[in-house]
Every structure is written in structure tokens, then in C-alpha cells.
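Trainee: The working numbering puts the first residue of the sequence shown at 5, with every later residue one more than the last. Yeah, the Cβ is synthetic: ideal placement off N, Cα and C, and Gly gets one too.
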Amino acid sequence: RTCQIDTTFDNLTLLEMSAVPTTLPGQVSLEVHDPELFDIIEQEKHRQWSGLELIASENLTSRAVMECLGSALTNKYAEGYPGKRYYGGNEHIDKVEILCQTRALQAYGLDPNEWGVNVQPYSGSPANFAVYTALLRPHDRIMGLDLPSGGHLTHGFYTYSKADNGRKAVSATSIYFESFPYQVNPTTGIIDYDTLSVQAGLFKPAMIVAGGSAYPRDWDYERYRQIADANGSLLMMDMAHISGLVATGEQKSPFKYADIVTTTTHKSLRGPRAGMIFFRKDARGFEAKINQAVFPGLQGGPHMHQIAGIATQLKEVMSPTFKEYSRQVVLNCQALADQLTTTHGYTLATGGTDNHLILWDLKPQNLTGSKMQTICDFVSITLNKNAGLGDKSALTPGGVRIGTPALTTRGLKEPEFRQVADFLHRAAQIAISIQNTSGKLLK
């Protein structure tokens, strides 16, 4: 017998019901529903577009990405992976995630038989910790670039506590794993690979992490691989800051040498705030371990609106216009660096830049980065204080980090960035003048 299902409710079909005006909340715009919050968001939008946005980790994403983030995908739970979900109704969700994975591999020229990618991490730090969770055991040894040398908190940074007279773990990485940060050469500011080789030979890390958040030069992946192989270490590259530049060939690709590559998707890649983990497909079984670590190990349901945003941005990344954009990001940063050093005589870490950022050392001017950041905020220039080599405090460091992705998105080129450097020079002179007349009350 054929079972007949009655889909009428009080003489209305489901189709007719969907057309009936609803009195449920959520049918009005944010401006009408919550004008207070709407106004705050509009103020932030005005700040982003009316000032000079120079934070190296920020960018201005596209309308297409924003439409994904505000789409119906935000309503759907999708625990698991394509074809293996714990909830029903995921047939379209699977298509989104598979499309994102396919484009991610294409954007970096990777063979899907040799590389896989997990696009579910909520952001870069969760992506990094998922890798550690998947491939390391608690208290395994890890070596990442020291924070004052340009590294990132998640690469094992720790400090020393005077109160406790001992080591103070700062990130989860240094809480759960034994960390030995390596450093740059104090004279050149370039990573000291020779010293890293010696230290790794003594420390014998299970994993060496390349990549950073304030390192203005490219990376010697071949040397990293040699050091890792000599000590039986895994090699992970965190390319969060330079992923857009890697995809377009403006920075060297780590994929020939690394075992694992992680990234955010919102910096030089110009997508939504999210993360990705690329892993080699080989007998070591990285795919199953990393997928298990992301879900259910560290996360619940993936944010499918973010994954859709990554997917559409990766389409843009593979376009000629994005390649031109990435090239301009680097040219702009080099023009900015040249104007600050050659014209105004300031000191930059490593003396310049190969990528999208510079680290400006203000110690010769007897200024802290926090003072420079405060003055710049007053004149609608947004940058961030940043620790450099020799700094003891991240709250009152001796430098600022400056990046070109956001203003390049707005169309600025080398002549405009030389003007920006002139503005920054004037801001520094104001900070020095205030300090000379009012003392050092502000750290």
C-alpha cells in the first residue's frame, strides 16, 4: 500500500503557510530592531573607512564574503564532516564545505592526492592548537619563534614571573607542552638558523614551528626542513599573516617542505575570520588525527557561514585582480619602509621588509609603542604597539607594527604610502614633544 501523508494544517498547505505574514520576532532590520547597536556598528564602519587602517592583521573584506556571513547558513548545525554528519538536512551544507576544500587546494596549487585540508577551525589559534592536539602528546617538546623576535603566542611563548620566581606560561601551548622558543639574530633581526640548528640538536623537539605575527622577512623553509629532519621533528608552518602572499607567489610556498600548514583567512587573504589546516596525506595518518582533533576534540558544529565566506574569497584569490592586489601590498610596504628609514631616519627591524608589514623600533627615540599608538589613535591612524627584540613587556613595548593590506584594499599605492609615512613621522614628533613637556606619565 502507498501511504498518503496529509500535509494540510487547518486547510493551509505548507507552501501557503510560508507565504503568510508572521508576527515572530526577527522580521525587521537591525536599524529598526536595535538602533543603539546599529549606531555603534555604523560608527565602527565610519572609523574603518575614514581613518588610516594600518594594523597588519586586519583587512577590509568583500561584499560577497559579508553576504555569506549574514546568510541562512548561520542557522544550520553540521557536526561532523561531509557525508558523515550527526544532524540531518546537510545535503547543501556538504556541498559548501567540499567546494571550500577544493578551492583551498587549488588556490595553493596542491595535488588532492598528496594534500588535504580541514576548513572547520574557527580561527588561527584554534587551528594551531588542533594540530598540537592531533600530533603531539602532553609535555612533548616544541620550538617556535620567540614573541619579541616576531613569533606568535600560540607557538609556545612564555615569560618569567618575578612573584613566583619561575616560568609563567602565557598560552595554552606553553601550558600543555614543553616549549623552547628560538630567536632572531640580535644584530640583523633575521632568524638565526645556525643557532636554531644547535638548540634543536640539544632540545630534540617533537615539532618545530615556522611562521610569526611580526616578522617582516620571508622564511627559509629548506633550512627548516633540514633542521627538522636532523632531529626527527615535525615541521609546521603558520602562514596566517602571509597566506594571501603565498597564494599569489609574493612569498615562497611552504608546501614543498612542511608537514602541516595552518592559516587564518582574514589577513592578507582578505576573507572572513576563520582558519584552515593543510596536511600531507601519507602513511603517518595526519588526516584522521587532525579531523578528530578539530571535531570532536576541540570544537562542536562548524560555522558554515564562515566556511562559505572562505570559499567565495578563495575564488577571488585565484583571480588576476587579487594577484595584482598582493603585489601592490608588498610594493606599498616597501615604499612605506623606505620613506621612514631613508627620508626620516627611523629604525626598522631587519632594516626593511619582504612582505606586508614592518616593525618600527622606537627605542632610539626613547618612545614606547603604547605612546605612539595613543597619539595615532587621536589622529585617526590605527596601528598596534608590538614587542621587539630586547623588550620585556608586551604592554609597554619599544615598537609598533604597521601593515599595508587594508589601505591597499582601499586603493592606495606607493606615493600615498610615502605620505602615510610622513604622517607617522609627524605623529612620532608630537609624541616626543608631549613627552618632553609633560614627562613619561603614559607608559
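1. Within a Cβ cutoff of 8 Å, which residues of the same chain sit near Lys293, ignoring the five residues on either side of it in sequence?
2. Run through the DSSP bridge pairs and tell me what Ile212 is partnered with.
3. Could you check whether the stretch 308-327 touches the stretch 209-225, counting it as contact only if at least three pairs of C-beta atoms, one from each stretch, sit closer than 8 Å?
4. Where Gly279 and Met241 are concerned, what is the direct C-alpha to C-alpha distance, given to the nearest angstrom?
5. Unbroken beta strand (DSSP E) runs of length 3 or more, entirely within the stretch 65-95: which are they?
6. Secondary structure at Asp222, three-state DSSP: helix, strand or coil?
7. From Gly356 to Ala410, what does the alpha carbon distance come to, in whole angstroms?
8. Run through the stretch 297-361 for me and flag every whole alpha helix (DSSP H) of 4 or more residues, listed as ranges in chain order.
9. Is the beta carbon of Gln187 closer than 7 Å to that of Ser153?
10. Alpha carbon to alpha carbon, how far is Ser437 from Lys367?
11. Alpha carbon to alpha carbon, how far is Lys80 from Ile246? Give it in angstroms, no decimals.
12. How far does the beta strand (DSSP E) with Arg284 in it extend, from its first residue to its last?
13. Can you tell me whether DSSP reads Glu182 as helix, strand or coil?
14. In or out: Leu206 buried (at least 16 other Cβ within 10 Å) or exposed?
15. Cα separation between Pro300 and Phe133?
16. Could you tell me the boundaries of the beta strand (DSSP E) in which Ala173 lies?
17. For Thr199, count neighbouring Cβ atoms within 10 angstroms of its own Cβ and tell me buried if that reaches 16, exposed if not.
18. Where Leu344 and Asp224 are concerned, what is the direct C-alpha to C-alpha distance, given to the nearest angstrom?
19. Are Thr412 and Asn336 close, meaning C-beta to C-beta below 7 Å?
20. Buried or exposed: His159, going by 16 or more other Cβ atoms within 10 Å of its Cβ?
21. Assign Leu416 to one of three DSSP states: helix, strand, or coil.
22. Do Val333 and Thr408 count as a contact pair if the criterion is CB distance below 7 Å?
23. Cutting at 6 Å between CB atoms, please list the residues of its own chain near Leu340, excluding the five before and the five after it.
24. Which residues in the same chain as Phe161 place their Cβ atom closer than 8 Å to its Cβ, once the five residues preceding and following it in sequence are excluded?
25. Do Asp365 and Gly394 come within 7 Å of each other at the CB atom, strictly closer than that value?
26. My output table needs one value for Asp365: the three-state DSSP class, helix, strand or coil.
27. With DSSP as the reference, label Gly394 as helix, strand or coil.
28. First and last residue of the alpha helix (DSSP H) that includes Ile44?
29. Quick check on this structure: which residue in Gly248, Val123, Ser66 and Trp53 has the alpha carbon closest to the alpha carbon of Phe534?
30. Three or more beta-carbon pairs under 8 Å between the stretch 251-270 and the stretch 86-97, yes or no?
31. Pull up the distance between the alpha-carbon of Arg221 and that of Leu34, whole angstroms please.
32. Can you give me the Cβ contacts of Met243 inside the same chain, cut-off strictly under 7 Å, excluding the 5 residues immediately before and after it?
33. Applying the 10 Å Cβ sphere with the 16-neighbour rule, what's the burial state of Gly128?
34. Please classify Phe382 as buried or exposed, where buried requires at least 16 neighbouring CB atoms within 10 angstroms.
35. On the premise that Lys285 lies in contact with Asn117, defined as a C-beta separation below 8 Å, what is that separation, rounded to the nearest angstrom?
36. Along the chain, where does the alpha helix (DSSP H) containing Asn122 start, and where does it finish?
Mentor: Judging by the given coordinates:
1. To locate residue 293, count along the sequence shown from 1; it is residue 289. Within the same chain, Lys293 has close Cβ partners Ala138 and Leu139.
2. Taking the sequence shown and counting its residues from 1, one reaches residue 212 at position 208. According to DSSP, Ile212 bridges with Met147 and Leu239.
3. no
4. Position 275 of the sequence shown, counted from the start, is the residue given in the question as residue 279. Position 237 of the sequence shown, counted from the start, is the residue given in the question as residue 241. Going by the C-alpha atoms only, they are around 13 Å apart.
5. none
6. Here residue 222 is taken as the residue at index 218 of the sequence shown, counted from 1. Reduced to three states, the DSSP call for Asp222 is coil.
7. Here residue 356 refers to the residue found at position 352 of the sequence shown. Here residue 410 refers to the residue found at position 406 of the sequence shown. If you take the alpha carbons of Gly356 and Ala410, they lie about 19 Å apart.
8. 308-321 and 324-342
9. To locate residue 153, count along the sequence shown from 1; it is residue 149. To locate residue 187, count along the sequence shown from 1; it is residue 183. Result yes, Cβ atoms of Ser153 and Gln187 sit closer than 7 Å.
10. Within the sequence shown, numbered from 1, the residue matching residue 437 stands at position 433. Within the sequence shown, numbered from 1, the residue matching residue 367 stands at position 363. Distance between the alpha carbons of Ser437 and Lys367: 15 Å.
11. Working through the sequence shown from its first residue, we reach residue 246 at position 242. Working through the sequence shown from its first residue, we reach residue 80 at position 76. Straight-line Cα distance between these residues: approximately 31 Å.
12. The residue given as residue 284 occupies position 280 in the sequence shown. That run of the beta strand (DSSP E) goes Gly279 to Arg284.
13. As a first step, residue 182 is located in the sequence shown; it is residue number 178 there, counting from the start. Here Glu182 sits in strand by DSSP.
14. Within the sequence shown, residue 206 is the residue found at index 202, counting from 1. Under this definition Leu206 is an exposed residue.
15. Locating residue 300 in the sequence shown gives position 296, where the first residue counts as 1. Locating residue 133 in the sequence shown gives position 129, where the first residue counts as 1. When rounded, the distance between both Cα atoms is 13 Å.
16. Within the sequence shown, residue 173 is the residue found at index 169, counting from 1. Here the beta strand (DSSP E) through Ala173 covers Gly170 to Ala173.
17. Locating residue 199 in the sequence shown gives position 195, counting from the first residue. Classification for Thr199: exposed.
18. As a working note, residue 344 is residue 340 in the sequence shown. As a working note, residue 224 is residue 220 in the sequence shown. If I take the Cα positions, the gap works out to 27 Å.
19. Along the sequence shown, one-based indexing puts residue 412 at 408. Along the sequence shown, one-based indexing puts residue 336 at 332. Yes, the pair counts as a contact, with Cβ atoms nearer than the cut-off.
20. Within the sequence shown, the letter at position 155 stands for residue 159. By the neighbour-count rule (16 or more Cβ atoms within 10 Å), His159 is buried.
21. Working through the sequence shown from its first residue, we reach residue 416 at position 412. In this structure, Leu416 counts as coil in the three-state DSSP scheme.
22. Along the sequence shown, one-based indexing puts residue 408 at 404. Along the sequence shown, one-based indexing puts residue 333 at 329. Taking 7 Å as the Cβ cut-off, Thr408 and Val333 qualify as a contacting pair.
23. Translated into positions along the sequence shown, residue 340 becomes position 336. Once the five neighbours on either side are set aside, the close Cβ partners of Leu340 are Phe421 and Ala425.
24. The residue given as residue 161 occupies position 157 in the sequence shown. Taken in chain order, the residues that qualify are Gly148, Asp150, Leu151, Gly155, Val174, Ser175, Thr177, Ser178, Ser183 and Pro185.
25. Along the sequence shown, read from residue 1 onward, the residue named residue 394 stands at position 390. Along the sequence shown, read from residue 1 onward, the residue named residue 365 stands at position 361. No.
26. Sequence index remark: in the sequence shown, residue 365 carries index 361 (1-based). Reduced to three states, the DSSP call for Asp365 is strand.
27. Sequence index remark: in the sequence shown, residue 394 carries index 390 (1-based). DSSP places Gly394 in coil when its eight states are reduced to three.
28. On the sequence shown, position 40 is the one that residue 44 refers to. Note, Ile44: alpha helix (DSSP H), Pro39 to Ser54.
29. Missing from the structure shown is residue 534; the chain here goes from 5 to 447 and no further.
30. no
31. Start at 1 with the first residue of the sequence shown, and residue 221 comes out as number 217. Start at 1 with the first residue of the sequence shown, and residue 34 comes out as number 30. Going by the C-alpha atoms only, they are around 43 Å apart.
32. Translated into positions along the sequence shown, residue 243 becomes position 239. If we look at Met243 and ignore the five residues flanking it on each side, its Cβ neighbours are Gly215, Val250, Pro258, Val265 and Thr267.
33. As a working mapping, residue 128 is identified with position 124 in the sequence shown. Under this definition Gly128 is a buried residue.
34. Taking the sequence shown and counting its residues from 1, one reaches residue 382 at position 378. The residue is exposed, with fewer than 16 neighbouring Cβ atoms inside 10 Å.
35. Residue numbering aside, residue 117 sits at position 113 when the sequence shown is read from its first letter. Residue numbering aside, residue 285 sits at position 281 when the sequence shown is read from its first letter. The pair is a contact, with the Cβ atoms about 7 Å apart (cut-off 8 Å).
36. Taking the sequence shown and counting its residues from 1, one reaches residue 122 at position 118. Looking at the DSSP string, Asn122 is not in any alpha helix (DSSP H); the run it does join, the beta strand (DSSP E), is Trp119 to Asn122.
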